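Chains Z and C, in that order, are what the protein sequence lines are.
With numbering that gives the first Met the number 0, the residue at position 116 of the first sequence is 115, and numbering never jumps.
With numbering that gives the first Met the number 0, the residue at position 94 of the second sequence is 93, and numbering never jumps.
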Amino acid sequence: MALEILYILSGIVSLITGIYSFRDDTLETRFGTGLFWVILSITFIFGRILPAKFVGILVLLMGVLTATKQVKIGSFKEVSEEFKIEKSKILGNKLFIPVLSIAIFAFVIGQFTSLGGLVGMGIGAIVATVSGLIITKASANEAIEEGNRLLQQVGPFSILPQLLAALGALFNAAGVGEVIASGISKVVPTGNIVFGVIAYCVGMAVFTMIMGNAFAAFAVITAGIGVPFVYSQGANPAIAGALALTAGYCGTLLTPMAANFNIVPAAILEMKDKNKVIKTQAPIALTLLVIHIILMLVWAF
Amino acid sequence: MIKLLGIVIIVIGFILKLDTIAVVIAAGVVTGLVGGLNFGEILDILGEAFVTNRYMTVFFVTLPAIGLLERYGLKERAAELIGKLKAATAGKILSIYMVIRTIAAALSLRIGGHVEFIRPLIYPMAEGAARNKYGDIPEEAVEDIKGMSAAVENYGNFYGQNVFIAAGGVLLIVGTLNELGFQVTEKEVANASIPIAVIAVLLAIIQFRIYDKKIEKIMEGNK
C-alpha cells in the first residue's frame, strides 16, 4: 500500500513534466513529448487497477513516440552559476540536510521496519523536499520546476529498466534460456574441468548481458551448464555457486540491458556518451571475470 | 534457434544506434511471436511486467528535492568542502567511497544509489577535488569522472552484497542449488563471496589511480 502511494507520487512527477511539455512553446514536438510523460504517469498512478493488456498497449504507444522522435528535451529555467555560488555560501552545510535525509530515511526504514528501503526513500524524498523548501526559502513552484528539469534531462531512458524487465519476462515465456544453455553445453567437451568452469563463468556473464539480470541467468545456466560440467565433477557447490553469481555481475557491468545500472546513471549524470559507464567498467569487468575462472578452478576443486 | 531472433534484433539495433526503447519493444514482441505466444499474450506480459517493475523508476520522487538543492548550490558546496582537503583527488574520493560502499553492502546497510548518493554528493566531490587541483578541467576529464562515479556505485553494490548472509543473491544461490540436489548453507555461500569482494575493491582502487594519472596527463598536455 505504501509502495502504491509512492508509485502515485512518481506518476505525479511524470504528469507535471507532461503538462510542462504540452505548454512548452519552444518545443516543436511538445505534443508527442507531453503525451509520452502523461502516458507514463497513467501507468504509474493507475497501474494496479488497469488491465495488463491495456498497459501493454500504452507501452507500445510510448515506443511509437520515441521511435518517431516525438520525445525531446524541452526548455526550462537555468539559474546562473553566480546565483548558485552565492546561495551555497549563504546556506552552507545546511544544504546537505535534505540530501542526507533521503539516504538516512531509506537506510533506517529499510533496515529496521518491514516497509522496505524503497518506501524509506520515498518518505525521505518528501522530508527532503519539505526541509529543502524551508532551508532555501524557495517556493514550492521552484521544486516542481526543478523536478521537471531533472526528469527531462533523464529523459525517456527512465522507462528502460522496466521495459527490459518486460523483455526478460518475454524471453522466459519463449524459452530463450534453455536454447542458450543447450547451445553452450553442446560445444563444451564433457569431463574437462577447465572448459567446464570457463563455460559456466562465461555463460553466466554472457547470459546476464542478454537478459540484463544475473538472477534470471543463474537458475538457467546453473541447471544447463553448472550441474553437468562443474558440480558433478566434484566442485564445492557453495564456492562455485557464489562465484558463478558474481561472474554474472561481470556481465551486468558490460550490458546496456542492465539499464538501471548503466544507462540511467549516464542520463542522471548527464554524460555525453550513454555507453560511457559501460566503457569505464569494461576493463574491471573482464579482469574480474578471468579472476572468477581462476578462483573457481583452484578454490572450488 | 529461431527463439534467439530477439537477441539478434537487440544487437543490430544497438549497433545501428536505433531508438533503444523501440528496439527493446520490437525484440520482445518478435521473441514472443516466434516463441509461440499470440499478440494478446504478449501485451499481457508486457503490461504486467511493466507495472510490477515500477519500483525501478520510483527515484522520480527524489528529483524535485535534488533539483531544488542543486539550484541553491549543493554541488558548489560539496566541491568547496572537498577543496579544503588539499591532497584529495577524484580517484581518492571514489576509492574511499568504494571501501565504504562495499562494507555497507556486506553488512546489508542500504547506503548508496546513483540518485541518492552519486549525483548529489559523490560526483560533485570527485569533480570538486579535480577542479581544486587543476582549476578548470576539460570536458574529457569531466566525462571520465562521471563514468567512474557511476561505476563505483555498481562495483561496491554488486560485489559487496553477497557477503551478507541474507542477501537476495545468497538466498537465490542456496535455493537453486538445493533444488538441484546440492546441499549448501547461506553461511557457506556468504563466506565464499568474501574474496571477490576484496579483489573488487583492490581493482577499483587501481582503476581510479590510473584515471587520476590520466587526468594529470590531460592537464599537463593542456598547459
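Here a beta-carbon is modelled for each residue, glycine too, at the ideal position from N, C-alpha and C.
Here the structure is a predicted model, which means the values were calculated and not measured.
Just the Cα atoms here: how many angstroms apart are Leu90 of chain Z and Gly119 of chain Z?
Here residue 90 of chain Z refers to the residue found at position 91 when the first sequence is read from its first residue. Here residue 119 of chain Z refers to the residue found at position 120 when the first sequence is read from its first residue. If you take the alpha carbons of Leu90 of chain Z and Gly119 of chain Z, they lie about 26 Å apart.
What do you get for Ala150 of chain C, buried or exposed, if any count of 16 or more other CB atoms within 10 angstroms of its CB means buried?
Here residue 150 of chain C refers to the residue found at position 151 of the second sequence. Ala150 of chain C counts as buried, since at least 16 other C-beta atoms from the protein chains shown sit within 10 angstroms of its C-beta.
Can you check whether the C-beta of Val10 of chain C is within less than 7 Å of a C-beta belonging to chain Z?
Stepping through the second sequence from its first residue, residue 10 of chain C is reached at position 11. Not an interface residue.
Listed in chain order, which residues of the segment 170 to 204 of chain C have Cβ atoms closer than 7 Å to some Cβ of chain Z?
Those residues of the segment 170 to 204 of chain C that come within reach of chain Z (Cβ to Cβ, closer than 7 Å) are Leu171, Ile172, Thr175, Leu176, Leu179, Phe181, Val183, Glu187, Val188, Ala191, Ser192, Pro194, Ile195, Ile198, Ala199, Leu202 and Ala203.
Would you list, in chain order, the members of the segment 129 to 150 of chain C that have their beta-carbon closer than 7 Å to a beta-carbon of chain Z?
Across the segment 129 to 150 of chain C, CB contacts with chain Z closer than 7 Å involve Glu142, Lys145, Gly146, Met147, Ser148, Ala149 and Ala150, in sequence order along the chain.
Can you give the beta carbon distance from Thr286 of chain Z to Gly247 of chain Z, rounded, assuming they're within the 8 Å contact cut?
Counting from one through the first sequence, the residue named residue 286 of chain Z turns up at place 287. Counting from one through the first sequence, the residue named residue 247 of chain Z turns up at place 248. About 16 Å separates the two Cβ atoms, so there is no contact after all.
Out of Z:Lys71, Z:Ile283, Z:Val229 and Z:Leu162, which one is the CA nearest neighbour of Phe194 of chain Z?
Taking the first residue of the first sequence as position 1, residue 194 of chain Z is located at position 195. Closest by alpha carbon: Z:Val229.
Would you be able to state if there are at least three C-beta pairs under 8 Å between the segment 69 to 81 of chain C and the segment 55 to 67 of chain Z?
no
Rank C:Ile24, C:Phe207, C:Asn177 and C:Pro123 by C-alpha distance to the C-alpha of Glu60 of chain Z and give the top, closest one.
As a position in the first sequence, residue 60 of chain Z is number 61, starting the count at 1. The identity of residue 60 of chain Z in the sequence shown is Leu, whereas the question assumes Glu. Among C:Ile24, C:Phe207, C:Asn177 and C:Pro123, the Cα nearest to that of Leu60 of chain Z is on C:Ile24.
May I ask you to list, following chain order, the residues of the segment 16 to 32 of chain Z that have a beta carbon less than 8 Å from some beta carbon of chain C?
none
If the cut is a Cβ gap below 9 Å, which residues of chain C does Asn92 of chain Z touch?
As a first step, residue 92 of chain Z is located in the first sequence; it is residue number 93 there, counting from the start. Within 9 Å Cβ-Cβ: Arg76 and Leu80.
Please state whether the Cβ-Cβ distance between Val276 of chain Z and Gly39 of chain C is less than 7 Å.
Here residue 276 of chain Z corresponds to residue number 277 of the first sequence, with the count starting at 1. Here residue 39 of chain C corresponds to residue number 40 of the second sequence, with the count starting at 1. Not in contact: Val276 of chain Z and Gly39 of chain C (Cβ atoms no closer than 7 Å).
Strictly below 7 Å CB to CB, what residues from chain C border Ala237 of chain Z?
Position 238 of the first sequence, counted from the first residue, corresponds to residue 237 of chain Z. Neighbours of Ala237 of chain Z on chain C, chain order: Val183, Glu187, Val188 and Ala191.
Measure the CB-CB distance between Thr30 of chain C and Gly5 of chain C and report whether it falls below 7 Å.
Residue mapping note: residue 30 of chain C aligns to position 31 of the second sequence, counting from 1. Residue mapping note: residue 5 of chain C aligns to position 6 of the second sequence, counting from 1. Yes, the Cβ-Cβ distance between Thr30 of chain C and Gly5 of chain C is below 7 Å.
Report the neighbours of Leu84 of chain C on chain Z: residues whose CB is nearer than 9 Å to its CB, in chain order.
Walking along the second sequence from the start, residue 84 of chain C turns up at place 85. Correct list: empty, because the minimum Cβ distance to chain Z is about 15 Å.
Answer yes or no: do Ile172 of chain C and Ala189 of chain C have a C-beta to C-beta separation smaller than 7 Å?
Your numbering for residue 172 of chain C matches position 173 in the second sequence. Your numbering for residue 189 of chain C matches position 190 in the second sequence. In this structure, Ala189 of chain C does not lie closer than 7 Å to Ile172 of chain C by Cβ.
Is there at least one Cβ from chain Z nearer than 7 Å to Glu115 of chain C's Cβ?
In the second sequence, the residue the question calls residue 115 of chain C occupies position 116. Proximity of Glu115 of chain C to chain Z, defined by a Cβ-Cβ separation below 7 Å, is satisfied.
Are the C-beta of Thr65 of chain Z and some C-beta of chain C separated by less than 7 Å?
The count along the first sequence starts at 1 and reaches residue 65 of chain Z at position 66. Yes, its Cβ sits closer than 7 Å to a Cβ of chain C.
Do you know whose CA, among Z:Val37, Z:Ser13 and Z:Thr221, lies nearest Glu177 of chain Z's CA?
Numbered from its first residue, the first sequence carries residue 177 of chain Z at position 178. Closest by alpha carbon: Z:Thr221.
For Ala105 of chain C, which residues of its own chain have a beta-carbon under 7 Å away from its beta-carbon, when the five flanking residues on both sides are left out?
Translated into the one-based positions of the second sequence, residue 105 of chain C becomes position 106. Contacts found: Gly159, Val162, Phe163 and Ala196.
Please report how far the alpha carbon of Leu202 of chain C lies from the alpha carbon of Leu108 of chain C, in whole angstroms.
Against the second sequence, residue 202 of chain C aligns to sequence position 203. Against the second sequence, residue 108 of chain C aligns to sequence position 109. The alpha-carbon separation between Leu202 of chain C and Leu108 of chain C amounts to approximately 22 Å.
Would you kindly check if the distance between the Cβ of Ala128 of chain C and the Cβ of Ile81 of chain C is under 7 Å?
Taking the first residue of the second sequence as 1, we reach residue 81 of chain C at position 82. Taking the first residue of the second sequence as 1, we reach residue 128 of chain C at position 129. Yes, these two residues count as a Cβ contact at 7 Å.
Counting along the chain, where does the alpha helix (DSSP H) carrying Tyr54 of chain C start and finish?
The residue given as residue 54 of chain C occupies position 55 in the second sequence. Unbroken run through Tyr54 of chain C: none, as it is neither H nor E.
Answer yes or no: do Ser13 of chain Z and Gly73 of chain Z have a C-beta to C-beta separation smaller than 7 Å?
By one-based count along the first sequence, residue 13 of chain Z stands at place 14. By one-based count along the first sequence, residue 73 of chain Z stands at place 74. Against a cut-off of 7 Å, the Cβ pair of Gly73 of chain Z and Ser13 of chain Z comes out as no contact.
At a CB distance below 7 Å, what residues from the segment 92 to 107 of chain C approach chain Z? Give them in sequence order.
none
So, at 6 Å on beta carbons, what are the nonlocal neighbours of Ala299 of chain Z in its own chain, with the 5 sequence-adjacent residues on each side left out?
Here residue 299 of chain Z refers to the residue found at position 300 of the first sequence. Cβ neighbours of Ala299 of chain Z beyond the five flanking positions: Ala234, Asn235, Ile238 and Ala239.
Shorter than 7 Å from the beta carbon of Ala142 of chain Z to some beta carbon of chain C?
The residue given as residue 142 of chain Z occupies position 143 in the first sequence. Yes, contact with chain C.
Please report the straight-line C-alpha distance between Thr28 of chain Z and Val70 of chain Z, rounded to a whole angstrom.
Taking the first sequence and counting its residues from 1, one reaches residue 28 of chain Z at position 29. Taking the first sequence and counting its residues from 1, one reaches residue 70 of chain Z at position 71. If you take the alpha carbons of Thr28 of chain Z and Val70 of chain Z, they lie about 7 Å apart.
Label Met0 of chain Z either buried or exposed according to how many other C-beta atoms from any shown protein chain fall within 10 Å of its C-beta, with 16 as the threshold for buried.
Here residue 0 of chain Z is taken as the residue at index 1 of the first sequence, counted from 1. Under this definition Met0 of chain Z is an exposed residue.
Report, in whole angstroms, the separation of the C-beta atoms of Thr42 of chain Z and Val50 of chain C, which I expect to be a contact under 8 Å.
By one-based count along the first sequence, residue 42 of chain Z stands at place 43. By one-based count along the second sequence, residue 50 of chain C stands at place 51. About 7 Å separates the two Cβ atoms, so the contact holds.
Please confirm if Gly72 of chain C has its CB atom under 7 Å from at least one CB of chain Z.
As a first step, residue 72 of chain C is located in the second sequence; it is residue number 73 there, counting from the start. Gly72 of chain C counts as touching chain Z.
Please list the terminal residues of the continuous alpha helix (DSSP H) segment that includes Asn131 of chain C.
In the second sequence, counting from the first residue as 1, residue 131 of chain C sits at position 132. Residues Tyr122 to Tyr133.
Just to confirm, are Phe156 of chain Z and Val263 of chain Z a CB contact at a threshold of 7 Å?
Here residue 156 of chain Z is taken as the residue at index 157 of the first sequence, counted from 1. Here residue 263 of chain Z is taken as the residue at index 264 of the first sequence, counted from 1. Taking the C-beta atoms as reference points, Val263 of chain Z is found nearer than 7 Å to Phe156 of chain Z.
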